[in-house]
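Please read the structure below before turning to the comments.
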Amino acid sequence: MASSVFWEALVYTKQRLEAIPAIPTVKIRKKPVLLQEDTIPIILVTPGKEKVGMEAFERVVEYIYEIQITMIRPGNRIYEADVESFLKLRQSIRNSLYQPNLPGADTVIDAIIETTAPFDVVSGDAGNYDISGLIIRYKSIEERVS
Amino acid sequence: MLDISSDYEVFDNKENISFQNIGENSIVISNVIRRPANLAFESAAGTIMYTVAVEFVIWKLEAPVTFIPKLNAKITDNLGKIYNVDSIEDGVLRSRWNVKATAQASLGVN
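Chain order of the listed sequences is A and B. Per my numbering, the first sequence starts with residue 15, numbered consecutively. Per my numbering, the second sequence starts with residue 5, numbered consecutively.
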């Protein structure tokens, strides 16, 4: 049995990210969890919600697969450096992912991107990390079972 | 006979730290006591992060007279691990500052 569309979307999203010059390590995980063993910066690719979009005759249906991209970098209370370079990297990531199709995942026909703030507000014991998120929703045209 | 005259050196585990407020020179403070560190997972910005929290007890008499610890200051311990100050407990008549700090990203704990 072939892999699921969701898994293919995760794998080929990771491949697209890894093709960007100077990109940090990219890992597919169940959830966006930073482990003690991880080296940062790191990018986590994780599955999110799955929704039904448009429906049509002949059992055609549009499924929407949500993938969360989480970028984790050391911030260490330095608030004025690195803003320009990170925004540039983030733009490269957005441009790389925001494309009408996804080679490898043949049923995908479109994608929508939503970003969080480039530097999410984090306080307390996690305050030394810079965290930035991006959600990509792939539209996939598939056939219903019945 | 058991000699306990220096027991605090064992049980309190005093250490020297380097303390640097933002925009100021670094100073060395002796006889600082480190409370047990707390290594834990914490949810932040939709992500689960591992974090290290630690508390240093700094005796006011060990610091220069004009010194005042400030938030976000950088603390470097003997092993070179760096922490940032999150909160400071102080009082006019208190003999010490209780300084709670977080290890810099991914540095872990000693």
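All residues carry an ideal CB built from backbone N, CA and C; glycine is no exception. No experiment lies behind these values; they were computed from the predicted model shown.
> What does a CB cutoff of less than 8 angstroms around Ala-77 (chain B) pick up in its chain, not counting 5 residues either side in sequence?
Replying inline: Locating residue 77 (chain B) in the second sequence gives position 73, where the first residue counts as 1. Around Ala-77 (chain B): Phe-23, Gln-24, Asn-25, Ile-26, Asn-88 and Val-89.
>> By the DSSP assignment, the beta strand (DSSP E) with Lys-65 (chain A) in it spans what residues?
In response: Along the first sequence, read from residue 1 onward, the residue named residue 65 (chain A) stands at position 51. Where Lys-65 (chain A) is concerned, the enclosing beta strand (DSSP E) stretches over 56-70.
> Leaving out the 5 sequence neighbours to the left and right, which residues in its chain are closer than 8 angstroms to Ser-99 (chain B) when beta-carbon positions are compared?
Replying inline: Working through the second sequence from its first residue, we reach residue 99 (chain B) at position 95. The answer, listed in chain order, is Trp-63, Lys-64 and Leu-65.
> How long is the line joining the alpha carbons of Tyr-143 (chain A) and Pro-88 (chain A), rounded to whole angstroms?
Replying inline: Working through the first sequence from its first residue, we reach residue 143 (chain A) at position 129. Working through the first sequence from its first residue, we reach residue 88 (chain A) at position 74. Their backbone Cα atoms lie some 5 angstroms apart in a straight line.
> With C-beta atoms as the reference, is Leu-116 (chain A) less than 9 angstroms away from Thr-129 (chain A)?
Replying inline: Taking the first residue of the first sequence as 1, we reach residue 116 (chain A) at position 102. Taking the first residue of the first sequence as 1, we reach residue 129 (chain A) at position 115. Not a contact, by the Cβ cut-off of 9 angstroms.
> In the DSSP assignment, what residue or residues form a beta bridge with Arg-39 (chain B)?
Replying inline: One-based indexing of the second sequence puts residue 39 (chain B) at position 35. Beta-bridge pairing links Arg-39 (chain B) to no other residue.
>> With a threshold of 6 angstroms on Cβ separation, who are the neighbours of Lys-104 (chain B) within its own chain once the five nearest residues in sequence on each side are excluded?
In response: Taking the first residue of the second sequence as 1, we reach residue 104 (chain B) at position 100. Excluding positions up to five away in sequence, the list reads Glu-59, Asp-90 and Ser-91.
>> Which residues of the stretch 46-63 of chain A have a Cβ closer than 8 angstroms to any Cβ of chain B? Give them in chain order.
In response: Pro-46, Val-47, Leu-48, Leu-49, Gln-50, Asp-52, Thr-53, Ile-54 and Leu-58
> If you run the structure through DSSP and keep just helix, strand and coil, what is Lys-102 (chain A)?
Replying inline: By 1-based counting over the first sequence, the position of residue 102 (chain A) is 88. Reduced to three states, the DSSP call for Lys-102 (chain A) is helix.
> Which residues share a DSSP beta bridge with Trp-101 (chain B)?
Replying inline: Here residue 101 (chain B) corresponds to residue number 97 of the second sequence, with the count starting at 1. DSSP lists B:Ile-62 as partners of Trp-101 (chain B).
> Comparing the C-beta of Leu-43 (chain B) with each C-beta of chain A, is any distance below 9 angstroms?
Replying inline: Residue numbering aside, residue 43 (chain B) sits at position 39 when the second sequence is read from its first letter. Judged by the 9 angstroms Cβ criterion, Leu-43 (chain B) is in contact with chain A.
> If you measure from the beta carbon of Glu-27 (chain B) to each beta carbon in chain A, is any gap under 9 angstroms?
Replying inline: The sequence position of residue 27 (chain B) within the second sequence is 23, counting from 1. Before going further, note that residue 27 (chain B) is Gly rather than Glu in the sequence given. By this cut-off, Gly-27 (chain B) is not an interface position.
> Any C-beta of chain B sitting closer than 9 angstroms to the C-beta of Val-40 (chain A)?
Replying inline: Here residue 40 (chain A) refers to the residue found at position 26 of the first sequence. So no, Val-40 (chain A) is outside the interface.
> In whole angstroms, what is the alpha-carbon distance linking Thr-51 (chain B) and Met-5 (chain B)?
Replying inline: Start at 1 with the first residue of the second sequence, and residue 51 (chain B) comes out as number 47. Start at 1 with the first residue of the second sequence, and residue 5 (chain B) comes out as number 1. Each residue's Cα considered, the two are about 56 angstroms apart.
> Taking the continuous beta strand (DSSP E) assigned at Thr-80 (chain B), which residues delimit it?
Replying inline: Against the second sequence, residue 80 (chain B) aligns to sequence position 76. Its beta strand (DSSP E) spans residues 78-80.
> Ordered along the chain, which non-local residues of its own chain (more than five positions away) have a Cβ less than 8 angstroms from that of Leu-75 (chain B)?
Replying inline: By one-based count along the second sequence, residue 75 (chain B) stands at place 71. Answer for Leu-75 (chain B): Val-89, Asp-90, Ser-91 and Ile-92, listed in chain order.
> What does DSSP give as the partner residues of Phe-20 (chain A) in its beta bridges?
Replying inline: Residue 20 (chain A) sits at position 6 when you count from the first residue of the first sequence. Phe-20 (chain A) is not bridged to any residue.
>> With H, G and I counted as helix, E and B as strand and the rest as coil, what does DSSP make of Asp-139 (chain A)?
In response: Against the first sequence, residue 139 (chain A) aligns to sequence position 125. Correct three-state label for Asp-139 (chain A): helix.
>> Tell me the residue span of the beta strand (DSSP E) that contains Glu-51 (chain A).
In response: In the first sequence, residue 51 (chain A) corresponds to position 37, counting from 1. Per DSSP, Glu-51 (chain A) belongs to no beta strand (DSSP E) and is neither H nor E.
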